[in-house]
Structures are given as C-alpha cells and as structure tokens.
C-alpha cells in the first residue's frame, strides 16, 4: 500500500492527494515540488536521514563503505553533467540557461577536484575510478536520467535533477546544523568536505531555483504529464536510498541490513515497470 492509498485514524496525518490539483486546492501557497516530495512518502525520509549520511556526519563511516559509494557516485556524475547539459539546451530562457551553465562549472571544477583528492587519500587507483564497474543501482540511476532527458522535455529533466540535488541539500544541511562545533566535524577531509559542498548558501540557492523552475513547469502541465513527473521524482528518491544501501552491501565491512534493495525497487507495488529499471 502506498502513502496515497493509506487512510489514517483521526489525529494522524492524512495521505497526500493523488493529484496536484487536489493538493493545491487544500493549500494557500502550493508548490508543485512540495506535492512531489510528499508523494515520495517514506522514501524521502529514508534518503535524507539514511544510515550512510548519519554515520558520515558523525565521523563513524567506514572508509571502505565510503570508497564504494564515492567510486559509484563519480561514475554517476558523468551522466549527471550530461543531463544538466541537455537541460541547458531545453531551458526556456537565457536566464535559465545561464543558471544551469554556472552549476555545470561547479560539477566539472570544484566537485571534480574533490573527487580526485579523495580518491588519492582513499588509495583508489585511477584505473578503478576512471573506468569503474558500475553496480545495478548505478546503472538504473544512469538509465533513469538518460531516459528522462532523452524521451521527455525540460520538465521531465527537472523531475530527476531536483530530487537528486534536493536530497543532498537536505541531509548535508542537517549534518552541518548538527555539527556547529568545529571539533564535532568529521576529521577526515573527504567526509567533512562532502558535507560542506552541499551545505553552502550557493548550493541552497541553486536547489531553490531548480525547485522554482519545476514548480512553474509542473503546475502548467497536464494531469497526465504531472503523474509522469511524479513517477520520475519518486523513482529518483527510491534510487537514492538504494544507492546508499548498496555501498554497505558491496563494501567488505558492510552488511545487508539496508532499508531497501535494488530488487525491491525494480518494480512498483502493482508489478508494473518503473522508470530506471531498463524497461521504461
């Protein structure tokens, strides 16, 4: 049963409306991205308060788990850069194109420098991170982004980019707020800097801008297209959870006590195919 199918008892939170029109009618200042986040249900909390991000913030994350995660994330970023590039081409205004181009500079400069320094510190050979063996979840994530951009329009591209960036802003902001004392920050630079890269004002402003773009595009879309955008957003959040889980499952010191698995994410609750499982 999904969050939209459940019925709460008096006093419990009510399920998120299945359509954006119903959601908007019940709020004085509705945002399409708020509806998408609520429709993601428990997966949103699983992604933004995951064991990996909590252990990272507490400086308790095993190096081999983070190494596994970082190599896969680097493989994913190459596709992410391409999708942002596609968004530049489909963005409706020069202002939108400029915002996206600016962020592309961050991905290809600041973040790339961080990855290379971290791989060196973690003793990851160049042969491993330059041509990684991607995992099922990484491949599903790459497939989702490429299909959203290649088979959809600007709104579909935003529907995968917004949650991919918003999840990181959420967990990193929580981590930064919890570690207000510098002595409480992770001692390993590759952990502390990973938080810092996603908890700065510039990144927060960019995520807010991305959300505003999707708010406008989504509110103007047809109900059928809105449902497609919701499926893309939800699937992205589910894959974020699986991506974090997999770092534990595949690392030597990891375990299989993760909150979700790639096998359970490959199908929806009714057994139909989902974007990102290679059949959409």
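Numbering (my numbering), first residue to last: 149 to 428. Positions of the beta carbon are idealized from the N, C-alpha and C atoms, including for glycine.
Taking 8 Å as the upper bound for CB-CB distance, residue 220 and residue 286 are in contact here, some 5 Å apart.
Contact check for residue 282 and residue 223: beta-carbon distance about 5 Å, within the 8 Å limit, so the pair qualifies. Here residue 226 is exposed: its Cβ has fewer than 16 other Cβ atoms, across all protein chains shown, within 10 Å. Put simply, the backbone Cα of residue 347 is about 16 Å away from that of residue 332. Residue 177 sits in coil when the DSSP states are folded into three classes, being neither helix nor strand. By the CB criterion at 7 Å, residue 349 and residue 180 fall outside the cutoff.
Residue 391 and residue 216 have their C-alpha atoms spaced approximately 10 Å apart. With fewer than 16 other Cβ atoms inside 10 Å of its own Cβ, residue 274 counts as exposed.
Contiguous alpha helix (DSSP H) elements confined to the region 355-379 do not occur, taking only those with 4 or more residues. It is roughly 16 Å from the alpha-carbon of residue 164 to the alpha-carbon of residue 371. Using a Cβ-Cβ distance cut-off of 8 Å, the region 191-206 and the region 318-326 are in contact, since at least three pairs of beta carbons, one from each stretch, lie closer than that value.
Counted as a single uninterrupted DSSP element, the alpha helix (DSSP H) harbouring residue 322 occupies residues 302-326. In this structure residue 241 is exposed. Its beta-carbon is surrounded by fewer than 16 other beta-carbon atoms within 10 angstroms.
In the three-state scheme derived from DSSP, where H, G and I count as helix and E and B as strand, residue 336 is classed as coil. Distance check between residue 188 and each of 290, 173, 388 places 388 closest, using alpha-carbon atoms only. Secondary structure at residue 281: coil, using DSSP grouped into helix, strand and coil. The beta carbon of residue 233 sits closer than 7 Å to those of 252, all from its chain and outside the five residues before and after it, given in chain order. The straight-line gap separating the alpha-carbon atoms of residue 255 and residue 261 is approximately 9 Å.
Sixteen is the threshold: since fewer than 16 other Cβ atoms of the shown chains lie within 10 Å of the Cβ of residue 258, the residue is exposed. Of the other Cβ atoms in all chains shown, fewer than 16 fall within 10 Å of the Cβ of residue 265; this residue is therefore exposed. DSSP places residue 208 in the coil class of the three-state scheme, outside both helix and strand. For residue 191, the enclosing alpha helix (DSSP H) stretches over residues 190-196.
Note that the C-beta distance between residue 377 and residue 366 is below 7 Å. Cβ contact annotation for residue 197 (same chain, cutoff 8 Å, sequence separation greater than five): 319, 322, in chain order. Excluding sequence positions up to five before and after residue 210, its CB lies within less than 6 Å of the CB of 401, all in the same chain and listed in chain order. With a 10 Å radius around the Cβ and a threshold of 16 neighbouring Cβ atoms, residue 250 comes out exposed. Nearest neighbour of residue 185 by Cα position, chosen from 268, 393, 380, turns out to be 380.
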